[in-house]
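So this note's numbering is basically just the index in the sequence shown, starting at one, shifted up by 1238. All C-beta atoms in this analysis are idealised placements derived from N, C-alpha and C, irrespective of residue type, glycine included. Report on one structure; see the data block that follows.
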Amino acid sequence: DAVSTKELEIYGDPLADAGSDGNTCAGVPYTVSGASAQNSTSILWTEDGTGSLSGSTTLTPTYTPGSGETGDVTLTLTVQGQGNCGSAVSTMTLSIQSGAAADAGSDAEICEGNTYQVTDATASDYTSIQWTEDGTGSLSGSTTLTPTYTPGTNETGIVTLTLTANGSGSCGDAVSTKELEIYGDPLADA
């Protein structure tokens, strides 16, 4: 009797897991972590943003947001299976947040003994704001865009008012300053 044999190789189905959703700030690269692939011959990441993707054939690619890009970008992991097992796909969402912005406004001046309220400061994309000063006086409303500086007794010269807008998530803080010049009262002695 003639006997013939053949081998049948059975591959496991390809599995893809892009990992958890992530977030970054405008202009700050994001590296994927926690992604996995099984039963594969190759992997490939793609994206639908305006930025660029490096390391797209690894489990830890890095997405660099495009100029001024904010919002959600979908990163897609495609795992090619062995033999004729097809492919598996998994996605993750990368949320790109605007960085904080702060503008303390124009420099100002007052006369000795008067108070000064900021009226021209702006801030955006922040979680909180904080004003500080380097004078001998006091600052009220320091967590608003319109704080009031009360000079110390006989205080004259330049006081720097600093606005810090705290960024959200992994976004950094934005800092802006303005100078408040306090002039001495005119004195006359006949």
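Asked: Enclosing beta strand (DSSP E) for Cys1323 [first to last residue]; Found: Here Cys1323 belongs to no beta strand (DSSP E), and DSSP marks it neither H nor E.
Asked: Inter-stretch contact at 8 Å, needing at least 3 Cβ pairs: the segment 1338-1349 / the segment 1319-1328; Found: no
Asked: Nearest neighbour of Ala1342, chosen from Pro1389, Thr1415, Ile1248 and Thr1314 [CA to CA]; Found: Thr1415
Asked: Beta-carbon proximity of Gly1379 to Gly1390, cut-off 9 Å; Found: no
Asked: Straight-line Cα distance separating Gly1309 from Ala1403; Found: 20 Å
Asked: Nearest-angstrom beta carbon gap, Thr1288 and Gly1304 [assumed within contact, 8 Å]; Found: 3 Å
Asked: For Val1327 and Ser1278, the rounded distance between their alpha carbons; Found: 12 Å
Asked: Coil, strand or helix - Leu1297 by DSSP; Found: coil
Asked: Straight-line Cα distance separating Thr1365 from Asp1358; Found: 20 Å
Asked: Length of the line joining the Cα atoms of Thr1300 and Thr1388; Found: 49 Å
Asked: Presumed contact (8 Å Cβ cut-off) between Leu1383 and Thr1360, rounded CB distance; Found: 7 Å
Asked: Val1270 and Thr1314 closer than 9 Å at C-beta; Found: no
Asked: Alpha carbon of Trp1369 to alpha carbon of Gly1375, nearest angstrom; Found: 13 Å
Asked: As assigned by DSSP and simplified to three states, the class of Asp1411; Found: coil
Asked: Helix, strand or coil at Ile1248 according to DSSP, with G and I counted as helix; Found: coil
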